[in-house]
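Heads up: the structure comes next, in structure tokens.
Number of protein chains: 2
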Amino acid sequence: MHAQQMPQNAATTVNGVDVTALAETLDAIRQQPQLGAFQFRASNTWLGGGLNRSTIDGFHGAGQEQARPKPFSFSADEPPVLLGGDKAANPVEFVLHALAACLTTTMVYHAASRGIAIKTVSSELEGDIDIRGFTGLSDQVRKGYHHVRVKLRVESDAPAEQLVELAKFSPVYDIVSNSLPVEVTVETHR
Amino acid sequence: MHAQQMPQNAATTVNGVDVTALAETLDAIRQQPQLGAFQFRASNTWLGGGLNRSTIDGFHGAGQEQARPKPFSFSADEPPVLLGGDKAANPVEFVLHALAACLTTTMVYHAASRGIAIKTVSSELEGDIDIRGFTGLSDQVRKGYHHVRVKLRVESDAPAEQLVELAKFSPVYDIVSNSLPVEVTVETHR
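Protein chains in written order, with the numbering used here: chain A, 1161 to 1350; chain B, 1161 to 1350.
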């Protein structure tokens, strides 16, 4: 029997997540906690006005540098009412994308590791912002969203309360809902 | 002389931003503060495992519903080491994109409104995360990034300190660095 024909341990997949690999990953981090340290990175270039473009490539994780087959790249712009050319979603809209994506993936992964089947997930998000903060017209008004609402519709037998609890393991939910030290430095040249 | 040939008030553009329109926008919000109330939206659909897709379309702002010529759409996924198919950047990487884009646009707009010329901007971002929080392996470790660093390189005559100050009007900087109420609800069906 050739190696290629050897029966493999069947991957047990729940919600499209390989829960055998998931359990192995968790075991590995339990034994070597430093494997849990990840660093993600982005670079961005301004293209004029409200338009700019980010590139996302390799990262550090699971104890080593992790390469991507090719970098991901996407723009951000502003709509005309915010003086842009509307060539891409704007930065605060990308926050909603990140939040939706992260709550969904987190809920799905945690459900998978508990054997909870999920058939479909969709979500709607709203973020309220008063641009008197951003524009500097008022220092009484915060600059970012003052409220964000996420409604997830999930096809599953699990109780809604449990699914909310699982979704809230989400890193982006933590990043957005809690404070976080962000160090911003500028280096100028002429 | 046909209307089409009438000389128009020349748009005064600084950093690619129409500062005449910017000043008019600020005046309008000063006179009618309710014009500053914006609501951005996203919807997301799970595609299996770590893969999902968001759509960003219209929003509310400047006192009315604002349509887009066509919706923007982008996916999120996870790399193989996080059990995904690596078809797109992951949610926490999109946070870095949103942050880079917002700091850049905010600095450029605020500089434009002050007559400060900026020639080029590029940035590098790093976000540190320990996935023992996300995975639930430790409740002593936060789930999201614990530190984010942003290095902006700016070609300008303005002092770096002033540019940092302008960049920090950024809504996404506020969203990420400060806490914010995020309401998550789940509705289940079978």
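Where is the CB? At the ideal position from N, CA and C, for every residue including glycine.
Measuring CA to CA, which of the options is closest to residue i?
i: Pro1341 of chain B; options: A:Glu1315, A:His1307 and A:Tyr1333; result: A:His1307
i: Lys1303 of chain A; options: B:Ala1197, B:Ala1320 and B:Ala1236; result: B:Ala1197
i: Ile1216 of chain B; options: B:Ser1235, B:Gly1210 and B:Ala1222; result: B:Ser1235
i: Gly1176 of chain A; options: B:Pro1239, B:Leu1243 and B:Thr1295; result: B:Leu1243
i: Glu1325 of chain B; options: B:Asp1246, B:Ala1271, B:Ile1335 and B:Gly1209; result: B:Ala1271
i: Gln1192 of chain B; options: A:Glu1238, A:Pro1239, A:Leu1297 and A:Asn1212; result: A:Leu1297
i: Ser1282 of chain A; options: B:Thr1345, B:Ala1183 and B:Glu1184; result: B:Thr1345
i: Ala1222 of chain B; options: B:Phe1200, B:Arg1292 and B:Ala1320; result: B:Phe1200
i: Asp1288 of chain B; options: B:Pro1231, B:Glu1253 and B:Thr1180; result: B:Glu1253
i: Leu1285 of chain A; options: B:Gln1226, B:Ala1202, B:Arg1190 and B:Ala1183; result: B:Ala1202
i: Asp1178 of chain A; options: A:Asp1317, A:Tyr1269, A:Gln1224 and A:Glu1343; result: A:Tyr1269
i: Gln1226 of chain B; options: B:Phe1232, B:Ser1233 and B:Gly1218; result: B:Gly1218
i: Leu1182 of chain B; options: A:Glu1315, A:Phe1294 and A:Gly1275; result: A:Phe1294
i: Glu1184 of chain B; options: B:Gln1224, B:Ser1273 and B:Ala1261; result: B:Ser1273
If we ignore side chains and look at the alpha-carbon of each, how far apart do residue i and residue j end up?
i: Lys1328 of chain B; j: Arg1309 of chain B; result: 13 Å
i: Ala1277 of chain B; j: Gln1322 of chain B; result: 13 Å
i: Lys1279 of chain A; j: Thr1172 of chain A; result: 16 Å
i: Leu1207 of chain A; j: Leu1312 of chain A; result: 35 Å
i: Met1166 of chain B; j: Leu1259 of chain B; result: With a pLDDT of 42 at Met1166 of chain B, under the threshold of 50, the modelled position of that residue is not reliable, and no figure is offered here.
i: Asn1250 of chain B; j: Val1174 of chain B; result: 34 Å
i: Tyr1333 of chain A; j: Val1255 of chain B; result: 11 Å
i: Leu1263 of chain A; j: Met1267 of chain B; result: 30 Å
i: Ser1330 of chain A; j: Ser1337 of chain A; result: 11 Å
i: His1257 of chain B; j: Asn1204 of chain A; result: 7 Å
i: Arg1190 of chain A; j: Pro1239 of chain B; result: 20 Å
i: Pro1319 of chain B; j: Lys1230 of chain B; result: 40 Å
i: Glu1343 of chain B; j: Ile1335 of chain A; result: 14 Å
i: Gly1245 of chain B; j: Arg1228 of chain A; result: 11 Å
i: Arg1350 of chain B; j: Lys1247 of chain B; result: 29 Å
i: Glu1347 of chain A; j: Thr1265 of chain B; result: 17 Å
i: Ser1339 of chain A; j: Ser1339 of chain B; result: 5 Å
Name the chain A residues that come within less than 8 Å of residue i, Cβ to Cβ?
i: Leu1299 of chain B; result: Before going further, note that residue 1299 of chain B is Asp rather than Leu in the sequence given. Neighbours of Asp1299 of chain B on chain A: none; closest Cβ ~10 Å, over 8 Å.
i: Glu1184 of chain B; result: By Cβ distance, chain A contributes nothing, its closest Cβ being about 10 Å from Glu1184 of chain B, past 8 Å.
By Cβ distance, which residues of its chain are closer than 7 Å to residue i, with the 5 residues on each side in sequence left out?
i: Asp1290 of chain A; result: Val1301 and His1306
i: Ala1188 of chain B; result: Leu1195
i: Val1241 of chain A; result: none
Starting from residue i, find everything on chain A with Cβ-Cβ shorter than 7 Å and list it in chain order.
i: Ile1276 of chain B; result: Within chain A, no residue comes near Ile1276 of chain B; the closest Cβ sits about 11 Å away, beyond 7 Å.
Could you list which residues in chain B have their beta carbon closer than 9 Å to that of residue i, in chain order?
i: Thr1172 of chain A; result: Simply none; closest approach about 12 Å.
Give me, in chain order, the residues of the same chain whose beta-carbon lies closer than 6 Å to that of residue i; leave out the 5 immediate sequence neighbours on both sides.
i: His1220 of chain B; result: Gln1199
i: Gly1210 of chain B; result: Asp1237, Glu1238 and Gly1244
Could you list which residues in chain B have their beta carbon closer than 7 Å to that of residue i, in chain order?
i: Thr1180 of chain A; result: Within chain B, no residue comes near Thr1180 of chain A; the closest Cβ sits about 10 Å away, beyond 7 Å.
i: Glu1126 of chain A; result: No answer is possible for residue 1126 of chain A: the residues shown for chain A start at 1161 and end at 1350.
So, at 8 Å on beta carbons, what are the nonlocal neighbours of residue i in its own chain, with the 5 sequence-adjacent residues on each side left out?
i: Ser1233 of chain A; result: Arg1213, Ser1214, Thr1215 and Ile1216
Against residue i, what residues of chain B qualify as contacts under a CB-to-CB distance less than 8 Å, listed in chain order?
i: Ala1188 of chain A; result: Result: empty, since nearest Cβ-Cβ is about 11 Å, beyond 8 Å.
So which residues of chain A does residue i contact, with C-beta pairs closer than 9 Å?
i: Ala1271 of chain B; result: The contacting residues do not exist; Ala1271 of chain B stays about 11 Å from chain A at best.
**Request:** Report the residue ranges of all beta strand (DSSP E) runs contained in full by the stretch 1240-1320 of chain A; include only those spanning at least 3 residues, in chain order.
**Result:** For the stretch 1240-1320 of chain A, whole beta strand (DSSP E) runs of length 3 or above, ordered along the chain, are 1278-1290 and 1305-1316.
**Request:** Write down every uninterrupted run of the beta strand (DSSP E) in the stretch 1189-1231 of chain A whose length is 3 residues or greater and which is fully enclosed by it, in chain order.
**Result:** Within the stretch 1189-1231 of chain A, the runs of beta strand (DSSP E) at least 3 residues long that lie entirely inside it are, in chain order, 1197-1208, 1211-1216, 1219-1221 and 1224-1226.
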